[in-house]
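Here our numbering is used: position 240 in the sequence shown is 220, and no number is missing along the way.
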Amino acid sequence: METNFSKEQLKDKDNKSSEKILRKCVHCGFCNATCPTQLLLGDELDGPRGRIYLIKDMLENKKPANEKIVKHLDRCLSCYSCMSTCPSGVNYMHLIDHGRDHVEKTYKRPFNERIIRTFLSIVLPNPTLFRLIGVLTLLIKPFQFFLPKKIKEMISLMPLTFPNKTLPQMKVYKAQKKKSVARVALLTGCVQKVISPQINEATIRLLNRHGIEVIIPKGINCCGSLNHHLGKCDLAKKVFKKNISIWYNEYLKNGLDAIISNTSGCGTTLKDYGFILRSDNDFKKKAKKISELTKDITEYLDENVKLNFINKSENVKEYRIAYHSPCSLQHGQKVYSEPMNLIKKTGNEVLEISEGHLCCGSAGTYNLLQSEIAKKLLKNKIKNIEKIKPQIISTGNIGCITQIANATKIPILHTIEIIDWYTGGPKPKILKNI
Ligand code: SF4
Ligand code: SF4
């Protein structure tokens, strides 16, 4: 694609990177065929190619965002399905991030939207506040008919219970072998550790049992991606830098073999820290190292650990497990077969879901901000899951777990809970009746 940035404009590092990306696009439109919003809404501007043109026009012509542009960019899920399809290697992720930053800097959203987005950007990354709001939500739920539609929809997505932790909170979880074979840091996530602490507990137990020491440094809660995707780049960068400093110090002082993420949305952002801070002289080297160290838990296990699966006895029931591949994992991190390989090793049957490349509609805060589109995507996802009649659904991202669990009675587990169970951990409580 031909671009027309001036020399002056190209002195800006973000313009320079975006120009390189734009030049790779050959307008073929293959990406439109796998874009969930383009398929659903049928408008060229609700597909990647149309959005690329909108972003190009704003950046090249120094145009402030307007209502129309914002509508189409906001409808993008950041699912990156378009990146898996693009034959020219267009990095749409970096382009939409730049576009969202430009929107945030040049467009004043309506008052209600500003309030909701600010509320989400403060509450979701803070586990204490999130828990508090969760409890308040439970109290006002019986009276929700008084509230505006948007708030009611948000309330319906809040969890009904906040399970207790069963592992004590510690900085270091020692390996269950005399000498540990590796030392990793675990990102415990912000929302995940409040609504599903069992996912981190299964991860720690499994790693410790296989001789791996797990550390959870104090001060790291959110990875920063929630604010990053809301276009609140300055807020997000503060979090990125704090996390990088803490992990990098730990890496220098005591050594780290990996930084483990079991929430694939967060892992994708961690793997991008190096790019995001590429021009920051104080942080670029550290950020690059942190990105290199980051691994999704299934990627790490598949590559580095010989798992001790329990021998199947005749009493062990075999399940039909549908694997839902989170967009951030399959498209964002290109980790697709690893989780399925691990589940297959448990002796259970793994079922692939048709149209598995399409998003379930969760996408960070998308199901809260674009609920109509999110509901349609969820409906399609559930239809495709129920068609193959699984007994269990497995996936690797808390957002997908929450979204899908809202629409089906089939129990849904994080992949790591299944692997933990089949390597000597407890059977997940949610499966008590099957
Ligand atoms: S598939 Fe790639 S090259 Fe083709 S229009 Fe989409 S982004 Fe551009
Ligand atoms: S990230 Fe997803 S929703 Fe956005 S343009 Fe690409 S395929 Fe479409």
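The beta carbon of each residue, even a glycine, is placed where N, CA and C say it ideally should be. Small disclaimer: the values here were computed from a predicted structure and weren't measured.
Limits of the unbroken beta strand (DSSP E) element including residue i
i	result
Ile277	Note, Ile277: premise wrong, no beta strand (DSSP E); alpha helix (DSSP H) at Ile277 to Asn284.
Val194	Ile192 to Ile195
Reduced DSSP secondary structure (H/G/I, E/B, other) of residue i
i	result
Ser241	strand
His394	strand
Tyr316	coil
Val171	coil
Thr248	helix
Tyr402	coil
Val219	helix
Thr382	helix
Val152	strand
Pro122	helix
Lys266	helix
Leu127	coil
Phe289	coil
His337	coil
Val115	helix
Asp214	helix
Thr388	coil
His7	coil
Glu93	helix
Glu(-12)	coil
Thr(-17)	coil
Candidates the options: closest to residue i by CA position
i	options	result
Tyr316	Ile333, Asp81 and Thr326	Ile333
Ile240	Lys233, Thr248 and Asn234	Thr248
Cys202	Ser61, Ile179 and Gln172	Gln172
Ser271	Ser259, Val285 and Ala238	Ala238
Leu411	Arg3, Lys88, His78 and Tyr299	Tyr299
Asp(-8)	Leu127, Lys409, Thr17 and Ser259	Ser259
Lys409	Pro306, Lys264, Pro143 and Gly211	Pro143
Asn92	Pro28, Gly169, Thr141 and Lys129	Lys129
Ile120	Asn106, Phe110, Ile135 and Arg111	Ile135
Glu279	Ala155, Asn364, Ile49 and Ile399	Ile399
Glu329	Asn377, Glu352 and Lys369	Lys369
Ala165	Ile196, Gly312, Ile179 and Leu137	Ile196
Pro105	Lys145, Val219 and Phe126	Val219
Leu53	Ser68, Asp276, Asn360 and Glu24	Glu24
Ala45	Pro16, Pro67, Lys85 and Cys66	Lys85
Leu250	Leu357, Trp401, Thr168 and Lys361	Thr168
Leu2	Leu39, Thr117 and Lys(-13)	Leu39
Thr345	Met63, Ala155, Gly245 and Leu236	Gly245
Ala182	Ala354, Gln313 and Asn242	Asn242
Ile179	Asn413, Glu397, Gly405 and Thr403	Glu397
Cys213	Cys56, His78 and Ser61	His78
Leu19	Met(-19), Val50, Cys62 and Leu(-10)	Cys62
Leu112	Leu322, Leu140 and Gln(-11)	Leu140
Ser64	Asn413, Val83 and Pro28	Pro28
Lys222	Leu236, Ile32, Phe263 and Gly336	Phe263
Gln350	Val50, Thr108 and Lys36	Val50
Residues that DSSP places opposite residue i in a beta bridge
i	result
Arg163	Glu193
Ser447	The requested residue 447 does not occur in the structure, where the chain is confined to residues -19 to 414.
Thr274	Ile239
Span of the alpha helix (DSSP H) around residue i
i	result
Glu332	Careful: Glu332 lies outside any alpha helix (DSSP H), inside the beta strand (DSSP E) at Glu329 to Glu332.
Arg89	Premise fails: Arg89 is in no alpha helix (DSSP H) and is neither H nor E.
Thr65	Ser61 to Thr65
Arg55	It is not in any alpha helix (DSSP H) - Arg55 carries neither H nor E in the DSSP assignment.
Met38	Pro28 to Glu40
His209	Ser205 to His209
Gly254	Tyr253 to Ile256
Pro16	Pro16 to Leu21
Ala354	Ser351 to Lys367
Leu440	Only positions -19 to 414 of the chain appear in the structure, and residue 440 is not among them; the question remains open.
Heavy atom of ligand 4 within 8 angstroms of residue i beta-carbon
i	result
Lys158	This structure does not include ligand 4; its bound ligands are ligand 1 and ligand 2.
Given 8 angstroms as the limit, is there contact between the segment 366 to 374 and the segment 389 to 402, that is, 3 or more CB pairs closer than that? yes
Does the pairing of the segment 178 to 192 with the segment 157 to 167 give three or more beta-carbon distances under 8 angstroms? yes
Does the segment -3 to 16 touch the segment 71 to 85, meaning 3 or more C-beta pairs lie closer than 8 angstroms? yes
Between the segment 333 to 342 and the segment 2 to 13, are three or more C-beta pairs nearer than 8 angstroms? no
Is the segment 83 to 103 in contact with the segment 197 to 212, if contact means three or more CB pairs nearer than 8 angstroms? yes
Cβ pair count under 8 angstroms reaching 3, the segment 273 to 285 against the segment 382 to 389: no
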